Structure formats: structure tokens, C-alpha cells
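One structure below.
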Amino acid sequence: MTSQRLLNAYTWTFLAFMFAPLLLMVVTSFNDVSPPSVTDWRGFTGKWYAFFWMAEADMRNDPVLRSLDRDRFIGCFVNSLQVSAVVVPLSLLLGLSGAVMLTRWRSRANGLLWWVLLSPMLAPGIILGLSALVFWGRLGVGAGLFTIMMAQVTFVAGYPLLILMARLQRQPIELEEAALDLGASPFHVFRRITLPFLLPALLSAAVIALLSSMENYNTTMFAKGGACTFATEIGAMSRNPHGHPPVINAVGTVIIVITVVAALAHAVLTRREAR
Amino acid sequence: MHGKSITLDKLGVTYPNGFTAVHPTSLTVQAGEFFSILGPSGCGKTTILRAVSGFVTPSTGRILIGDVDQGRKGPNERETALIFQNLALFPLMSVWENVAFGLEARGVSKRDRRAKAEELLHLVALSDQADKKPGELSGGQRQRVAIARALAVDPSVLLLDEPLSALDLKLRQHMRAELRNIQKKTGVTFIYITHDQGEALTMSDRVAVMNEGRIEQVGTADQVYSQPISAFSASFVGEANQLAGRVVDVSGEMAQIETQHGRFLGLNPASLAVGAEAIMFVRPENVAFECESNTLTTRLLRRDLEGPFVNLFLQTATGADVSMHVPNTGALGGLSEAEVRVGFDPEKATILPSGPVARTGQDIAAQ
Chain A
1452 MTSQRLLNAY
1462 TWTFLAFMFA
1472 PLLLMVVTSF
1482 NDVSPPSVTD
1492 WRGFTGKWYA
1502 FFWMAEADMR
1512 NDPVLRSLDR
1522 DRFIGCFVNS
1532 LQVSAVVVPL
1542 SLLLGLSGAV
1552 MLTRWRSRAN
1562 GLLWWVLLSP
1572 MLAPGIILGL
1582 SALVFWGRLG
1592 VGAGLFTIMM
1602 AQVTFVAGYP
1612 LLILMARLQR
1622 QPIELEEAAL
1632 DLGASPFHVF
1642 RRITLPFLLP
1652 ALLSAAVIAL
1662 LSSMENYNTT
1672 MFAKGGACTF
1682 ATEIGAMSRN
1692 PHGHPPVINA
1702 VGTVIIVITV
1712 VAALAHAVLT
1722 RREAR
Chain B
6 MHGKSITLDK
16 LGVTYPNGFT
26 AVHPTSLTVQ
36 AGEFFSILGP
46 SGCGKTTILR
56 AVSGFVTPST
66 GRILIGDVDQ
76 GRKGPNERET
86 ALIFQNLALF
96 PLMSVWENVA
106 FGLEARGVSK
116 RDRRAKAEEL
126 LHLVALSDQA
136 DKKPGELSGG
146 QRQRVAIARA
156 LAVDPSVLLL
166 DEPLSALDLK
176 LRQHMRAELR
186 NIQKKTGVTF
196 IYITHDQGEA
206 LTMSDRVAVM
216 NEGRIEQVGT
226 ADQVYSQPIS
236 AFSASFVGEA
246 NQLAGRVVDV
256 SGEMAQIETQ
266 HGRFLGLNPA
276 SLAVGAEAIM
286 FVRPENVAFE
296 CESNTLTTRL
306 LRRDLEGPFV
316 NLFLQTATGA
326 DVSMHVPNTG
336 ALGGLSEAEV
346 RVGFDPEKAT
356 ILPSGPVART
366 GQDIAAQ
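Chains as they are written, first to last, in this note's numbering: chain A, 1452 to 1726; chain B, 6 to 372.
What follows is the structure in C-alpha cells.
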């Protein structure tokens, strides 16, 4: 009975440590004070959100907001979208090929290949960023969005690989053999049998790849050169010696909402996939 | 549709890990024949099937369909259709799309596909199930969808890999008749793989008995059952009492074998010479109470009621187990358990060279 109580206490403490900072962040994003505070409540405001669409003149009148570079921030966000627009499809393609190869094309090298393909997920992000920088630098490509994409793909591709492999292992290989036996070309088999079966897994892999590309900081930081992304720009803003602007808290709150929605969507997809 | 013959010309398969699944084997299956390969699991029968359909590359020898060497043709280029043990119906497609899949792969228009699918579903009595998903059908219905799907591509040869093993007994017996029927109607050559001797014996024109990568005997069901030519054949197909010993006398078609349980006279189809190590096989239904020759004095260990017959388990004083089938006509009432005298007709006993025999249920359970 006591052990049950201890476990309960531990669980609730654990959850509190995990979620209290998030909750504080959400609360401060509505407090009219900078740097963000919960103890010093100066009234409810939505301006930290409105920053992104308010008129230029309103922004100049605000003592906090006028020191921020809105265009740069939005530019960095667009960069992030561009990066994930390349990283997500590319890692789905690489993950899919890797998963098909590891589950359908059995060779003795498979065990080794598995580790080689997944090692970037385990390697420190700094190393991935630096090695992409060095590799492409040698080829004469300067650091920028392209090196960010290349560096991110190395580890993001691991997520689709794992998700699709798990799915492919559940599909009996006889289905593909039966289709082949009935006269279908390998491409037709892939399009009509393998791909429809993989579709839910592909969608959830895409969601996870998108999230991990958008939020990636350390790999991106080392590969970015003069360019910026959403994550690195937030990093830069929060290093302000006078405390960071609550705009970051507003952004954080939006990200939480998006993440929760995406996680729910993922759960729904996984459930459908299980059927 | 028209069946074609299949010729295995010294076909051998050795897997990359060094395991020889099929030793060089030559065999011809006639066009339009219902041919079964019967053997225990792991004997190489599925490997032969997969080699014929193109999933396994032969290490030696050739496979001919009709007169055409299949060489390195892939499974999608051969006139064969394989019915998998787990059926492998496409779960995301409707029944008719499953049946029409081979036509879809050949670029047939949707209207013609649907028409052909309906024709085949009619053949297997599933016309009203065309728009369901395979998951909504019963085991027997799924079975018939798999058959229709395979027939849709007009194969010359239909290869069946234990397709009935997942069904319950009654349905299995019904499907045996149905398969035989479909084979007759279509004239397609069937090669049927099974470890169930009942299936092989009831459906097939001819049966090949296979063990450890080698075909031991090929013949009609009757020949394989009544005139086995190897110790494995005799012990795997049906039940057989075994008496091991040495040939001591040969005269004409008969020979006499000396065993630790006595001397017995039987047929000598392998023309064994005096001194050869041999095993005598006697079917339980050929053991009788009143017999002048080949007698054994036993005691009754157990009697099992099988329904139409009673299975008696007897043992001699020297330790030989004898199993005996007696028609269940109620005449066993006065049987004394302590001493049962039985025997068998020499014409119904076969002496074969000693060699590997099939494992009994007892051997398997003891593992």
C-alpha cells in the first residue's frame, strides 16, 4: 500500500517537473511584461502573439517589440520550411529504400547495414553538423541552407527507416510473392501491394520527420554558416543579456499546440494502421 | 485453359548456407495431371514448388514447362500460378480485385477484368461475395478466392502449397473433392504439396513420396500404398507394423526374414539376396486373428475405438509392437487380453531393404 503511494507521489512529482515549466511558459506568454515573469503580473495581453501580424507603426510604439527584427525572424522561419520541404521527402525516400532493403533483400551484411544506417541517430548532433560542413566545404559548397539540409537528412532519415521497417516486417512477404507470381512487374507489386500497405506508416513517418527537422538545433547550428532557421533564431533571441522577449514564449505555446495536435493525429493514424 | 507437362531434369537445389534441400531429381508430370508430392516437413517439397514457380534458382539441372526450358525466368514470366499455404490474399483489395489482379498486371481493362473475375467467382461458387474484403470471408471461401485468383491468369500449371492445412477436418474433406473437380473442369496441371497422406491419396492421379531432398517413390495412390518400394515410403504412407531382421531364404517372388520375434514370409519386390538387412512391413488392416502362417503370440495393451474400426495395440513377449485394425462389428467382446494370437498373409507383407523410416507420433512427441 505504501509502495503504491510512493509510486503515485513519484509519478506526480515527475509529471510536475516535466509540465510545470511548460505551463509557466504558456501563462507568461499572456503577461504584459518583459522579460517574461509569472510573479510580476501586469495584465493580460495578446500582443506577444500579435507581434507577427501587427501594423509596423504599432510595433514601433511598443518599447519591447521595437527592438526585435520581425522580418528576420519570419525569414528564418521560411528557411526552416524550405529545409523541411527538402528534408522530409528526402528522408522518407531514403528511409523507405533502407527499410525495403533491410526487410526484403536479405543478405549477411544486413546487421552491419542496420547499424550504419542508424548510427547518425545515435551520433552527437554536433558531429553530424560539423562533418556535413567539412564534407561539403571540401567539395566547394559553402555553409548555408543546403548544408543544413544535408546534415539533417543524415539523422532524420533514421525515423522513417525504423517506422517503415516495423511496418514491413508485419506484412507477410507472401503477399508480394503472390503478386509477382500472378505476373506483376516488381514496380507494379510495389505500387499496388507494398505502398498502399505502407501508407499510414509513411504519413506518421512524415509527421515525425517534419517535427524533428523543424526543432533541430545543434546539428543545424554547426552546419548553418551565415543562414538561420526557426530554431537557431529562437536560440539567438533567448541569449539576450536583458532576458528574452515573451514573443518566444508565445511561439513556444503555438508549438505546443501544434505538437499536441500532431501527436493526436499520429495516435489516430497508428490506431488505424493497427487495424 | 490447357495444362502443360512439367519436367524436372536432374533438378537440385543447394541453399547459400550449404544446405541441400533437393538432391538432383528427375521427374515428369504429365499435362493435365493431378500430381502430389507427399513428404514430412523439411523434406524439400516446397523447395521444388518454389523452383518451378521461379522463386528459387536451381543449383543444378533444368525445369521444363511443356518443352520450354524455364532457365532464369522470374516468377512473373512463368505460366505457373502458386497457391500459398497462407493463401496470401491481398487484404486491402476486394474479392473481385484479388481475383482480377493478374489481369490488372497484364493491362486488361477494368470492365474485362470484372467480367473475368465474375466468371471465375461463379466457378468457385462465390458470385455473391465479389465486393467483400477477404477478411470478411470464411476460411473455405478465402480458399476458393485464392484458387480463382490463380486460375484467372490462365496458368498451364497450378502449384498448391498445402493450401488446406488451415481448414478444419470437414471443410478439408469437402475442399478435396472441390479441388479435384476444378482440376477436371479446367484441365490445368496441378502439383499439390502436402504432408497429409489422406489428401495425397484421395485427390491425386499420381503421388511422389519425398524424404530428405530425394523422391523415394512415384506411382498411383494404390501403388504407393500397396506396393511401397522403400522403407520410408512404406512407413510414411499409411501405418505399417515393422519387423526388422535379415533375409534368410529367397524363392521366386517371396523371401523369408529372420527377426528376433521369429521367422516371417513375405513379398520381396526389391529382390533382396540372402543375408541382406531388411524390414518387413505389414499394414494393420492386414493383421488377422486366424492365420496359418506368420503367426505371433501377443498380449493386448490397449484398444482404441476409431469409429468404423477398432485399433488394437498388441505386444509380443519379445517386445515387438503390433497394431491391428478390426472392423467394428461388435465381435471383439470375448477377446482375452492375456493371449491374442494373430498373423498375416505372406502376400500382404512386404520385405524392403532396411533404410530410414518415417518418424512416428511417439518419436516426435519424445523430442
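Even for Gly, the Cβ is constructed at its ideal location relative to N, Cα and C.
Because the structure is a prediction, the values reported are computed rather than measured.
Environment of F241 of chain B [buried if 16+ CB atoms lie within 10 Å]: buried
Contact list for S1636 of chain A against chain B, beta-carbon separation under 8 angstroms: N81 and A110
Cα-Cα separation between N273 of chain B and G8 of chain B, rounded to whole angstroms: 38 angstroms
8 angstroms Cβ cutoff, F1641 of chain A in contact with chain B: no
Contacts of P1647 of chain A in chain B (Cβ-Cβ under 8 angstroms): L97
Assigned secondary structure, G1497 of chain A (DSSP; H/G/I helix, E/B strand, else coil): coil
Limits of the unbroken beta strand (DSSP E) element including R251 of chain B: N246 to S256
Anticipated Cβ contact below 8 angstroms, V1658 of chain A with H1717 of chain A, distance rounded: 6 angstroms
Interface partners of E1625 of chain A on chain B, CB under 7 angstroms: F89, N91 and A93
Helix, strand or coil at Q1747 of chain A [DSSP, three-state]: Residue coverage of chain A in this structure runs from 1452 to 1726, which leaves residue 1747 of chain A outside it and unanswerable.
Range of the contiguous alpha helix (DSSP H) that encloses N1530 of chain A: R1521 to R1555
Contact set for V287 of chain B: own chain, Cβ-Cβ below 6 angstroms, skip 5 residues either direction: N246, F349 and A354
Distance CB(I356 of chain B)-CB(L277 of chain B) smaller than 8 angstroms: yes
CB contact below 8 angstroms: E1507 of chain A versus chain B: no
Counterpart residues of F314 of chain B in DSSP-defined beta bridges: B:P332
Neighbour flag for F24 of chain B against chain A, beta carbons, 8 angstroms: no
Neighbouring residues, chain A, relative to F60 of chain B (Cβ below 9 angstroms): E1628, L1631 and D1632
Cβ-based neighbour list, V345 of chain B, same chain, cut-off 8 angstroms, excluding 5 preceding and 5 following: F294, T302, T303, R304, L305, L317 and L319
Short CB-CB distance (under 8 angstroms) between G76 of chain B and chain A: no
From B:Q178, B:D159 and B:L126, residue whose alpha carbon lies closest to that of Q146 of chain B: B:L126
Where Q265 of chain B falls, given that 16 or more other Cβ within 10 Å makes a residue buried: exposed
Closer than 7 angstroms: L172 of chain B CB and nearest the ligand MG heavy atom: What this structure holds is no ligand at all, so the ligand MG is not there to describe.
Beta-carbon spacing of F269 of chain B, N291 of chain B below 8 angstroms: no
Beta strand (DSSP E) segment containing Y197 of chain B, residue limits: T194 to T199
Beta-ladder partner(s) of L1715 of chain A, from DSSP: Answer by DSSP bridge pairing: none, since L1715 of chain A is not bridged.
Residue range of the beta strand (DSSP E) that includes N103 of chain B: N103 of chain B -> not in any beta strand (DSSP E); alpha helix (DSSP H) instead, spanning V100 to V104.
Cβ pair P80 of chain B, F60 of chain B closer than 8 angstroms: yes
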